[in-house]
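Novice:
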Amino acid sequence: MTDLTLVNANVLTMDPSRPRASAVAVAGGGRIEALDPNPPWSGRVVDLRGATVLPGFHDAHNHMIGFGMSLAEVDLSTPPVGSLDELYAAVARRAEATAPGDWVVGAGYDQNKLGAHPDRDALDRAAPGRRVWLRHTSGHMCVVNSVVLADLGLDDAAATEVPGGRVAVDSGGRPTGLLEERAQLLVGSLVYPYPLAELTDAIARAAEVYLREGVTSCTEAGIGGGWVAHSPAELAAYQAARDAGRLGVRVELMTAAEALHPLGAHAADGLVAGLDLGIKTGFGDDWLRLGAVKVFADGSLVGRTAAVHDPYDGSDGVGYLQADAADLRATIIAAHRSGWQVATHAIGDLAIDVVLDAYEQALAEYPRRDPRHRIEHFAVVQPRQVGRAAALGVTAVPQGRFATELGDGMLAAVGPDRHGWLYRQRSLLDAGMVLPGSSDRPVVAGAPLLGIADMVNRRTASGAPFNPGEAVTAEQALRAWTWGSAYASRQEHVKGSIAPGMLADLVVLSEDPTAVSPERIAALAVLATIVDGRVGYDAGAVDDLG
Ligand SMILES: [Zn+2]
Numbered sequence: 008m009t010d011l012t013l014v015n016a017n018v019l020t021m022d023p024s025r026p027r028a029s030a031v032a033v034a035g036g037g038r039i040e041a042l043d044p045n046p047p048w049s050g051r052v053v054d055l056r057g058a059t060v061l062p063g064f065h066d067a068h069n070h071m072i073g074f075g076m077s078l079a080e081v082d083l084s085t086p087p088v089g090s091l092d093e094l095y096a097a098v099a100r101r102a103e104a105t106a107p108g109d110w111v112v113g114a115g116y117d118q119n120k121l122g123a124h125p126d127r128d129a130l131d132r133a134a135p136g137r138r139v140w141l142r143h144t145s146g147h148m149c150v151v152n153s154v155v156l157a158d159l160g161l162d163d164a165a166a167t168e169v170p171g172g173r174v175a176v177d178s179g180g181r182p183t184g185l186l187e188e189r190a191q192l193l194v195g196s197l198v199y200p201y202p203l204a205e206l207t208d209a210i211a212r213a214a215e216v217y218l219r220e221g222v223t224s225c226t227e228a229g230i231g232g233g234w235v236a237h238s239p240a241e242l243a244a245y246q247a248a249r250d251a252g253r254l255g256v257r258v259e260l261m262t263a264a265e266a267l268h269p270l271g272a273h274a275a276d277g278l279v280a281g282l283d284l285g286i287k288t289g290f291g292d293d294w295l296r297l298g299a300v301k302v303f304a305d306g307s308l309v310g311r312t313a314a315v316h317d318p319y320d321g322s323d324g325v326g327y328l329q330a331d332a333a334d335l336r337a338t339i340i341a342a343h344r345s346g347w348q349v350a351t352h353a354i355g356d357l358a359i360d361v362v363l364d365a366y367e368q369a370l371a372e373y374p375r376r377d378p379r380h381r382i383e384h385f386a387v388v389q390p391r392q393v394g395r396a397a398a399l400g401v402t403a404v405p406q407g408r409f410a411t412e413l414g415d416g417m418l419a420a421v422g423p424d425r426h427g428w429l430y431r432q433r434s435l436l437d438a439g440m441v442l443p444g445s446s447d448r449p450v451v452a453g454a455p456l457l458g459i460a461d462m463v464n465r466r467t468a469s470g471a472p473f474n475p476g477e478a479v480t481a482e483q484a485l486r487a488w489t490w491g492s493a494y495a496s497r498q499e500h501v502k503g504s505i506a507p508g509m510l511a512d513l514v515v516l517s518e519d520p521t522a523v524s525p526e527r528i529a530a531l532a533v534l535a536t537i538v539d540g541r542v543g544y545d546a547g548a549v550d551d552l553g
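Right, dumping it as structure tokens:
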């Protein structure tokens with residue numbers, strides 16, 4: 008039975024067999040019933056007066072709990088924080104409201120914009136007696152103050168070698184407070200695990216923002232292990248949010264590779280690495296399901312820890328892998344063999360080669376139909392690597408919004424000779440690859456319209472062109488944030504386009520992004536977001552919707 012009919016709409020279906028329509032009927036069960044149904048319409052009829060309807064946006068790579076938690080932390084992004092002095096002032100303000108010994112947690116700073124990483128001694132002065140922990144915008148490094156270093160036994164000497172990470176020291180060998188990559192696990196040992204109730208609140212906070220921005224699905228890029236995890240029982244926080252009606256959007260959870268372990272199944276089953284009971288990619292339902300296993304091959308481009316073949320501009324640093332290449336390969340092959348989709352974070356061209364080698368070997372030794380492995384970010388990509396990724400059926404998951412917020416730091420990191428390798432989009436489509444849309448929120452602002460605008464405009468915050476040859480059209484960017492992301496999640500048969508039988512996840516926009524000038528896309532308004540046939544967000548601009 009028809010529940011809701013949206014009429015007088017400009018529907019961009021993302022279904023090539025029927026790209027446009029002017030009305031959508033939604034059945035009571037939360038599925039699309041028909042396009043352009045003939046009057047008389049039944050159920051609730053809403054006149055959209057020409058507004059544009061798209062499949063709901065799907066963020067293919069975000070950190071929902073991390074974002075929800077960051078909403079309660081000191082915001083160190085630029086703007087509002089324009090200098091190190093302003094950063095210390097923001098820390099001092101929070102410290103005043105924080106009891107001695109308690110934590111002052113901030114996130115979002117970028118040393119490319121502030122001139123340097125914050126310094127432990129200045130943080131001690133800003134927040135006397137408090138524990139200070141400030142995360143870099145990339146999430147790949149953080150700075151702590153002397154109280155935390157003392158907790159960690161790193162006060163004066165960095166005797167600690169951390170495989171896959173680094174405790175930074177000054178010229179005298181004294182730790183500066185900067186902890187890179189897996190060295191962040193040291194702080195984790197003081198604050199983790201978080202109580203699940205806190206994580207559930209963070210999920211609910213994030214979901215409210217997502218619905219306002221037109222997001223109906225997202226993929227959480229790693230839970231349950233490694234430095235991205237907040238608790239080994241993180242999935243339970245999502246389940247609790249869902250049970251309480253606070254999940255808001257559909258969520259696909261990537262499992263951190265660290266959480267996989269031998270299962271003791273029959274040798275013939277080939278289940279060499281998995282989660283208890285043998286659950287794996289695809290387990291769950293349309294609201295909450297397990298996605299790929301998340302592997303970290305390397306680090307951050309703006310932080311210059313990502314593993315590149317040739318040194319960063321103006322230095323001899325080439326970054327590093329988060330585990331040695333043989334271990335990474337073994338992890339990837341074991342997960343592939345055990346039936347998992349694999350999503351590996353690889354930024355530098357050296358890390359990308361290591362991952363492509365592993366995928367190739369996995370497919371050769373344990374052939375599997377359409378495993379749809381992914382490379383997250385795929386940031387510094389040599390021309391030869393595009394064809395190789397395409398031939399292996401790999402889906403690359405780049406982030407459009409990085410151009411504006413991190414682009415200047417990225418251009419500086421790789422130098423002019425490699426600008427044409429950065430965050431490819433068009434050459435991926437030209438090679439026949441599928442392009443998803445994603446934000447990596449809270450690394451950068453996550454509103455899909457910002458990401459879509461950046462995929463088209465490709466300019467940095469300072470106005471420099473960001474590898475503009477890789478720009479795509481607004482149509483291609485919209486397809487990425489809908490169908491492309493559904494494909495990357497192996498879900499394109501139920502979402503990502505508007506056609507009879509598909510999930511009724513829709514976003515209503517004030518104007519058609521393909522019909523306005525590219526500069527205006529970011530400012531278009533989300534009028535409503537519909538998930539499962541129900542209105543999850545209503546800006547109040549459409550009569551009779553709520
Ligand atoms: Zn991420």
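Note that my numbering has the sequence shown beginning at 8, numbered continuously upward. We treat Cβ as the ideally placed atom computed from N, Cα and C, and that holds for glycine.
DSSP beta-bridge partners for Leu-7?
Specialist: Within the shown structure, residues of the chain are numbered from 8 to 553, placing residue 7 beyond reach of any answer.
Novice: Ignore the nearest five residues each way along the sequence and tell me which others in Val-98's own chain have a CB closer than 7 angstroms to its CB.
Specialist: Result list for Val-98: Val-81, Val-111, Gly-113, Leu-130, Ala-133, Ala-134, Val-139, in chain order.
Novice: Helix or strand or just coil, what does DSSP make of Asn-474?
Specialist: The answer is coil: DSSP assigns Asn-474 none of H, G, I, E or B.
Novice: Using the Cα positions of Leu-13 and Asn-474, report the straight-line distance between them to the nearest angstrom.
Specialist: Computed Cα separation, rounded: 40 angstroms.
Novice: Thinking C-alpha only, which one of Arg-127, Val-235, Arg-142, Thr-144 is nearest Gly-136?
Specialist: Arg-127
Novice: By Cβ distance below 6 angstroms, which residues in the same chain neighbour Asp-364 in space, the five residues on each side in sequence not counted?
Specialist: none
Novice: Under 8 angstroms, do Thr-521 and Ala-481 count as touching if we go by C-beta distance?
Specialist: yes
Novice: In this structure, does DSSP put Ser-445 in helix, strand or coil?
Specialist: coil
Novice: So, for Gly-232: in the same chain, excluding its five sequence neighbours on each side, which residues have a beta-carbon less than 6 angstroms away from its beta-carbon?
Specialist: Ala-263, Glu-265, Ala-266
Novice: Is Ala-511 near ligand 1, with its Cβ less than 7 angstroms from a heavy atom?
Specialist: no
Novice: Where do the N-terminal and C-terminal ends of the beta strand (DSSP E) with Asp-545 fall, by residue?
Specialist: 541-545
Novice: What is the DSSP secondary structure of Met-76, reduced to helix, strand or coil?
Specialist: helix
Novice: With distances taken from CA atoms, which of Met-509, Ala-209, Asn-15, Arg-100 is nearest Gly-35?
Specialist: That would be Met-509, whose Cα lies nearest to the Cα of Gly-35.
Novice: Would you call the stretch 307-318 and the stretch 141-148 in contact, with 3 or more CB pairs under 8 angstroms?
Specialist: Three or more pairs of CB atoms, one per stretch, sit closer than 8 angstroms, so the stretch 307-318 contacts the stretch 141-148.
Novice: Using a Cβ-based criterion (distance less than 7 angstroms to any ligand heavy atom), does Ala-228 qualify as near ligand 1?
Specialist: yes
Novice: Mind reading off the beta-carbon distance from Ala-460 to Ile-528? Whole number of angstroms is fine, and I expect it under 8 angstroms.
Specialist: 4 angstroms
Novice: May I ask which residues mark the beginning and end of the alpha helix (DSSP H) holding Met-417?
Specialist: Judged by DSSP secondary structure, Met-417 falls within the alpha helix (DSSP H) whose first and last residues are 409-421.
Novice: Would you say the beta carbon of Asp-447 comes nearer than 7 angstroms to a heavy atom of ligand 1?
Specialist: At least one heavy atom of ligand 1 is nearer than 7 angstroms to the Cβ of Asp-447, so yes.
Novice: Give a yes or no on contact between the stretch 346-363 and the stretch 381-390, applying the rule of three or more CB pairs nearer than 8 angstroms.
Specialist: yes
Novice: Count the CB pairs spanning the stretch 237-256 and the stretch 208-218 that are closer than 8 angstroms, and state whether there are at least three.
Specialist: The stretch 237-256 is in contact with the stretch 208-218.
Novice: So is Glu-40 buried or exposed if we call it buried at 16+ other beta carbons inside 10 Å?
Specialist: Residue environment analysis places Glu-40 among the buried positions, since at least 16 neighbouring C-beta atoms fall within 10 angstroms of its C-beta.
Novice: Under three-state DSSP, which class holds Gln-359?
Specialist: Looking at the sequence itself, residue 359 is Ile, so the reference to Gln does not match. In this structure, Ile-359 counts as helix in the three-state DSSP scheme.
Novice: Considering only their Cβ atoms, is the gap separating Leu-308 from Met-417 smaller than 8 angstroms?
Specialist: yes
Novice: Please work out which residues of its chain come closer than 6 angstroms, Cβ to Cβ, to Ala-487, disregarding the five sequence neighbours upstream and downstream, and give them in chain order.
Specialist: Leu-442, Pro-443, Gly-444
Novice: May I ask whether a heavy atom of ligand 1 can be found less than 7 angstroms away from the beta carbon of His-237?
Specialist: Answer for His-237: no, Cβ out of range of ligand 1.
Novice: Taking DSSP as the reference, what is the three-state secondary structure of Glu-93?
Specialist: helix
Novice: In whole angstroms, what separates the C-alpha of Leu-121 from that of Gly-414?
Specialist: 15 angstroms
Novice: Straight-line CA distance for Ser-517 to Gly-195?
Specialist: 43 angstroms
Novice: Measuring alpha carbon to alpha carbon, tell me which residue in Glu-372, Gly-184, Thr-9, Leu-513 is nearest Pro-44.
Specialist: Thr-9
Novice: DSSP beta-bridge partners for Thr-351?
Specialist: Val-302, Ile-382
Novice: Could you spell out where the beta strand (DSSP E) holding Tyr-373 opens and where it closes?
Specialist: Where Tyr-373 is concerned, there is no enclosing beta strand (DSSP E), given that its DSSP letter is neither H nor E.
Novice: For the beta strand (DSSP E) containing Pro-390, name the first residue and the last one.
Specialist: Note, Pro-390: premise wrong, no beta strand (DSSP E); alpha helix (DSSP H) at 390-398.
Novice: Does Ile-359 have its Cβ less than 8 angstroms from a Cβ in chain C?
Specialist: No chain C appears in the structure shown, which is made up of a single protein chain.
Novice: Starting from Asn-69 and walking both ways along the beta strand (DSSP E), at which residues does that stretch end?
Specialist: 64-69
Novice: Do Ala-228 and His-70 have their C-beta atoms closer together than 8 angstroms?
Specialist: yes
Novice: Tell me whether Tyr-199 sits in a helix, a strand or coil according to DSSP, three-state version.
Specialist: coil
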